[in-house]
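Engineer: Please see the structure below; I have some questions.
In the working numbering, the protein residues as written are -9 to 243.
And the structure:
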């Protein structure tokens, strides 16, 4: 298995991080830890250096930070990603977040940073991991402006079935997380998206299937089981093998 998106670098795991990773080694080919800010990018990279046999990292700039940080931090974070481009598997998570009403200047900063990072991905031939909460269709139209990005992952996809199919038509990947266990919308998307365009993740420590507990990579088994129950005509092993193959291709593993 491969968890293509989690945040083991986050402080929520400070007391149990090493144990979680040690307990995951015989279950996973890789766990991809994602940076979301200047500081978490550092922590994610350090984690990949501590556990190079299993942890890989992506460096990104979450749109909530990109939209609110001062220009100095924005420039520092973009420079950090560029300087580490040979040490990471993708640029992400990046994107847009329309989950709540935001002032126009914040939305403009989100869009400006998003475009700069997409240009960077084209320049360095890097895949991107997108956080586009409540902005899936809009972000898809923007991504189409950058056809030379090698691969695009819609992380924790919660958009419409039509947007999922439009993204698949572009050759992009839809990543399903543990929140798919309880959502009718996700069930429709799982049915619609072919395995060849599907990835699996947990977004740990978020989206835990156990109330009051941090999510963790091993719960990805539940995501795969959910896909198996929904698609019906494919086995757990087939899903595991195909999504792992997809992940290795996207992230050059």
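Yeah, the Cβ is synthetic: ideal placement off N, Cα and C, and Gly gets one too.
None of the values given here were measured: they were computed from a predicted structure.
In chain order, which alpha helix (DSSP H) runs of at least 4 residues are fully inside the segment 202 to 234?
Structural biologist: As far as the segment 202 to 234 is concerned, its whole alpha helix (DSSP H) runs of at least 4 residues are 210 to 221.
Engineer: Can you tell me the Cα-Cα spacing of residue 123 and residue 56, whole angstroms?
Structural biologist: So the two alpha carbons sit approximately 14 Å from each other.
Engineer: Mind checking which residues open and close the alpha helix (DSSP H) that includes residue 57?
Structural biologist: Here the alpha helix (DSSP H) through residue 57 covers 53 to 58.
Engineer: When the Cα atoms are used, what is the spatial distance from residue 25 to residue 221?
Structural biologist: Approximately 32 Å, taken between the alpha carbons.
Engineer: Is there contact between the segment 146 to 157 and the segment 104 to 112, where contact requires at least three CB pairs shorter than 8 Å?
Structural biologist: Contact fails: fewer than three Cβ-Cβ distances are below 8 Å.
Engineer: Considering Cα atoms alone, identify which of 127, 68 and 208 is closest to residue 168.
Structural biologist: That would be 208, whose Cα lies nearest to the Cα of residue 168.
Engineer: Would you mind giving the Cβ-Cβ distance between residue 151 and residue 178, rounded to the nearest angstrom? I have them listed as a contact below 8 Å.
Structural biologist: With a Cβ gap of about 5 Å, residue 151 and residue 178 count as contacting.
Engineer: Quick one: give me the first and last residue of the alpha helix (DSSP H) that residue 38 is part of.
Structural biologist: Per DSSP, residue 38 belongs to the alpha helix (DSSP H) from 28 to 40.
Engineer: If we call anything under 9 Å between Cβ atoms a contact, is residue 15 one with residue 43?
Structural biologist: Yes.
Engineer: Relative to the alpha-carbon of residue 17, which residue among 236, -2, 210 and 215 has its alpha-carbon at the smallest distance?
Structural biologist: Of the candidates 236, -2, 210 and 215, the one whose C-alpha sits nearest the C-alpha of residue 17 is 210.
Engineer: Measure the alpha-carbon distance for residue 246 versus residue 173 and round it to whole angstroms.
Structural biologist: With the chain covering -9 to 243 only, the question about residue 246 has no answer from this structure.
Engineer: Taking 9 Å as the cut-off, decide whether the C-beta atoms of residue -6 and residue 186 are in contact.
Structural biologist: No, these two residues do not count as a Cβ contact at 9 Å.
Engineer: Just how far apart, CA to CA, sit residue 85 and residue 125?
Structural biologist: Those two C-alpha atoms are separated by around 9 Å.
Engineer: With a threshold of 16 other CB atoms inside 10 Å of the CB of residue 149, please say whether the residue is buried or exposed.
Structural biologist: Result: buried.
Engineer: Identify whether residue 104 lies in helix, strand or coil by the three-state DSSP scheme.
Structural biologist: If DSSP states are grouped into helix, strand and coil, residue 104 belongs with the helices.
Engineer: Relative to the C-alpha of residue 214, which residue among 63, 189 and 197 is closest?
Structural biologist: Answer by Cα proximity: 189.
Engineer: Which residue comes first and which comes last in the beta strand (DSSP E) that contains residue 46?
Structural biologist: 45 to 48 is the extent of the beta strand (DSSP E) around residue 46.
Engineer: Following the continuous alpha helix (DSSP H) through residue 133, name the residue where it begins and the one where it ends.
Structural biologist: It spans 126 to 133 - the alpha helix (DSSP H) in which residue 133 sits, taken as one unbroken run.
Engineer: For residue -3, report the span of its beta strand (DSSP E) as first-last.
Structural biologist: Note, residue -3: premise wrong, no beta strand (DSSP E); not H, not E.
Engineer: Once DSSP output is grouped into helix, strand and coil, what is the label at residue 89?
Structural biologist: Coil at residue 89, not helix or strand.
Engineer: Indicate whether residue 48 and residue 83 have their beta-carbon atoms separated by less than 9 Å.
Structural biologist: Yes, they are a contact pair.
Engineer: Check the C-beta distance from residue 145 over to residue 119 and give it rounded, since I have them as a contact under 8 Å.
Structural biologist: Indeed they touch by this definition, with Cβ atoms about 5 Å apart.
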